[in-house]
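Step one of this worksheet: look at the structure below.
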Amino acid sequence: MLKNRSIIFITLCACMAMLPACVKKQDPSPRYDADACLLCSHWGHAEDAGKCFICKGTAVCTFCDGKGKRLLGTKDAWYEAPCQFCNGTGKCHYCEGTGKCFLCKGTGKYIPLKPEPKGGQ
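Residue numbers (my numbering): 148 to 268.
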């Protein structure tokens, strides 16, 4: 009985001694660039900052490949219809054909959103 207690005590002491080594230390450095555009930094890469994250700066609709029309229907019966995303223009519907991020307007930097005025002014 005494032997079992001493083994348990030694095991607990060893576990308690190792506990500080198991604690995860937090990195004090920020996880993101506070000056970067929220959309570009989340969806894009640093070299693509300021570019539309959907069309990758091409300004072409990614759903119809810039043709303005898409094939709809089944394998046997299909028809050509105007693209629902660009409304047949062939331009990217997120950046409206500019190729730039619609939030930062292509700067890649954080631009604070302006709050709506109160009272409809």
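Positions of the beta carbon are idealized from the N, C-alpha and C atoms, including for glycine.
Distance between beta carbons of residue j and residue i, contact taken as under 8 Å
i    : j    : result
G244 : G197 : Going by Cβ atoms, the distance from G244 to G197 rounds to 16 Å, so no, they are not a contact pair.
K214 : P229 : Contact flag wrong, Cβ pair sits at about 10 Å.
G237 : G204 : About 16 Å; that fails the 8 Å criterion.
Closest residue to residue i among the options (Cα-Cα distance)
i    : options                : result
G253 : F200, F156, G215       : F200
Y241 : I154, F156, V207       : V207
N234 : W225, K222, G220, T209 : T209
CB contact flag (residue i, residue j, <9 Å)
i    : j    : result
C202 : C239 : yes
C281 : I258 : No answer is possible for residue 281: the residues shown for the chain start at 148 and end at 268.
F232 : C211 : yes
Proximity test, residue i beta-carbon vs the ligand GTP heavy atom, cut-off 8 Å
i    : result
D182 : The model on display carries no ligand, and the ligand GTP is accordingly not part of it.
Rounded straight-line distance, which links the Cα of residue j to that of residue i
i    : j    : result
D195 : I157 : 57 Å
L186 : Q173 : 26 Å
M163 : N151 : 18 Å
K222 : K265 : 53 Å
I154 : S188 : 54 Å
Cβ-based neighbour list, residue i, same chain, cut-off 8 Å, excluding 5 preceding and 5 following
i    : result
E227 : K216, R217, L218, L219
D182 : K256, Y257
Nonlocal neighbours in the same chain, by C-beta distance under 6 Å from residue i, ignoring five residues either side
i    : result
W225 : L218
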